[in-house]
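Novice:
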Amino acid sequence: MIKLVAFDWNGTLLPDSKPAWECDNIIFKRYGRKPISYKRFQETFDIPISKYWAANGLDEKVFSEHHKEIHDEFFRIYSAKVAKSRTRAGAKEVLKW
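For the sequence shown, counting from 1, position 70 maps to 56 in our numbering; every step adds exactly one.
1) So who's on the other strand from asparagine -4, going by DSSP bridges?
2) Quick one: grab the DSSP three-state call for valine 48.
3) I'd like to check one pair, valine 48 with proline 5: are the Cβ atoms closer than 8 Å?
4) Determine, using beta carbons only, whether isoleucine 56 and cysteine 9 come nearer to each other than 8 Å.
5) Using CA atoms only, rank isn't needed, just tell me which of Asp2, Leu(-1), Pro1, Tyr24 is closest to asparagine 11.
6) Take isoleucine 53 as the anchor and find which of Trp39, Leu(-1), Asn(-4) has the nearest alpha-carbon.
7) Using 10 angstroms around the beta-carbon of phenylalanine 61, count the other beta-carbons present and answer buried if the total reaches 16, otherwise exposed.
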């Protein structure tokens, strides 16, 4: 008997990588960095997130000093963008199961 089915929300149930990339580019611009391509976003995304920001030119010291503002700004913009997103095809049916 199946007792647990777990899904990764980001990218699996909700196609949110492009909205996340768009948010990141807004933040890069705010901190005087050039925007990155979607391909670069996919190639460099990493955890801990500070590695990703550093790989794309945001100094670790700057990130460390401003991580709360970066986090808050990201989620403010991201929330507005994904509110317009739809779940992936078939996701609702699977979740009802």
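All residues carry an ideal CB built from backbone N, CA and C; glycine is no exception.
Specialist: This is what the structure holds:
1) Note: asparagine -4 is bridge-paired with Leu0 in the DSSP secondary-structure output.
2) Valine 48 falls in the helix class under three-state DSSP.
3) No Cβ-Cβ contact shorter than 8 Å links proline 5 with valine 48.
4) Taking 8 Å as the Cβ cut-off, isoleucine 56 and cysteine 9 do not qualify as a contacting pair.
5) Nearest option by C-alpha distance: Tyr24.
6) At residue 53 the sequence reads histidine, which differs from the isoleucine that was named. Out of Trp39, Leu(-1), Asn(-4), Trp39 has the C-alpha closest to the C-alpha of histidine 53.
7) It is exposed - the Cβ of phenylalanine 61 has fewer than 16 other Cβ atoms within 10 Å.
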